[in-house]
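One structure is given here, and the rest of the page talks about it.
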Amino acid sequence: MPGMLGYLLKRGIDRIILVLAVVTLQFVLLRVIPIHFMGVDPSAFLIEPGAPPEVEKLLRAQFGLDEPIFPHQYVRYALNLFTGQFGYSFITGRPVMYELIPRLINTVILDSFSLVGIWAIALALGLYAARKRGSRTDSTIVLTAIWSYIMPGWLMGLTLLYLLAWYPRLEWNLKLFPIAGTKSPFLPPDPLAHLLDYLWHLALPWMAVVIAGFGSLTYYMRTITIGELRQDYVTTAKAKGLPEGKIMRRYVLKNVSPPILTILALALPGIVSGGVIIENIFSWYGTGRYLFQAISAFDYPAVQAMLFIITVFTAISLWFLDIAIAYLDPRVKLR
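Right under this line is the structure:
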């Protein structure tokens, strides 16, 4: 146990250093380079043309842009990020935190459900294809996985939007699925009605993400499972008369979990960053669409807040990955 605690503490410190390094790089990219190398002052996006110098001076002081870059602006920048004080949007003038929270909730719901769907489909199809390797079923699953892999998410989104939302409305006046947004107008004050309406809006973007996303993980799961089925311990277990299903559940699945968990951990940051293209296609009120709009409008506070949240979520995901792999794989050295 002490060895495990020391290992987790060391990994935690590594992740904190990672976050600090990314925050420093983010500060250089968003503050130092635009001002000192490109001649772009962030305060210019706040000041209307023809504003008096007193207004410019006041705004620069309000955002701390009149202080030295190092250490004053950097320390203030880092402290504000770590305390959740993301500042005010250059575009709307509202606190970035208030704009992020509802969008973050929507994106986390969409991408969490999508990740569960992708994981469930890939796990089931990958294991089944490995058990039926060489059969017609295996070939069908492989071709389906390849089709999913090469299908761009934006094309799948547009296809589903046309076939299941636009076309039924145009041909039969049937509102099978909503065209855009996260909720319908003029809903009754009933929580169940709001929940069902939200899930109705969630369905199409969820299907687009899952259908375009399960292929690569399915193929990878099949490949590593076939490799495990050729190991000596599987042959020994079969010789002892253990059913193949039991071998898959008790031994093979445990041994293929670490690389799959690694892929899952690397995909987790997408839960908060969102799918920029998918969210724009379906007008989903999420962080992916928000980040795209913030970058397009040079909304520095919004961009830096999103990048920081993605960085922190990535570090936490990797730390939990370290815990899971150390628990599942005894071959990992706690060092």
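The sequence shown begins at 705 in the numbering used here and counts up by one.
Beta carbons: idealized from backbone N, C-alpha and C, even for Gly.
Closest in C-alpha terms to Gly919, from the list Pro806, Met708 and Ala826, comes Ala826. Taken atom to atom, the span from the alpha-carbon of Gly990 to that of Ala782 is near 25 Å.
Thr728 and Ser987 have their C-alpha atoms roughly 33 Å apart. Taking Met860 as the centre and dropping the five residues before and after it, the same chain places the C-beta of Ala912, Ile915 and Ala916 closer than 6 Å to its C-beta, in chain order. When beta bridges are read from the DSSP output, Tyr792 appears opposite Pro799. The closest CA to that of Ala998, considering only Arg719, Leu734, Gly710 and Leu713, is found on Leu734. Asp901 and Leu891 do touch by the CB rule: their CB atoms are close to 6 Å apart, below 8 Å. Here DSSP, grouped into helix, strand and coil, assigns Thr787 to coil. Here DSSP, grouped into helix, strand and coil, assigns Met855 to coil. Pairwise C-beta distances place the segment 790–801 in contact with the segment 993–1007, as three or more of them are shorter than 8 Å. When the five nearest sequence neighbours on each side are left out, the beta carbons in the same chain lying within less than 8 Å of the beta carbon of Leu878 are those of Pro872, in order along the chain. With contacts defined as CB atoms closer than 9 Å, Leu713 and Trp823 fail to qualify as a contacting pair.
Membership of Leu874 in the alpha helix (DSSP H) is indicated by the continuous run Tyr871 to Trp876. It is roughly 31 Å from the alpha-carbon of Leu972 to the alpha-carbon of Arg934.
Taking a C-beta distance under 9 Å as the contact criterion, Ile982 and Trp870 do not qualify as a contact pair.
In terms of Cβ geometry, Phe731 and Tyr778 form a close pair [threshold 9 Å]. CA-to-CA, the gap between Ile928 and Asp842 works out to about 14 Å. Looking at the backbone, the Cα of Leu722 and that of Ile737 are separated by about 21 Å. Secondary structure of Trp988 (DSSP, three-state): coil. The closest CA to that of Glu932, considering only Thr787, Gly945, Thr811 and Ile951, is found on Ile951.
Exclusion of the five residues before and after Arg993 leaves Arg807, Gly978, Val980, Glu983, Asn984 and Ser987 as the residues of its chain whose Cβ lies within less than 8 Å of its Cβ. Beyond the five residues adjoining it in sequence on each side, Ala1028 comes within less than 7 Å, by CB distance, of Leu965 in the same chain, given in chain order.
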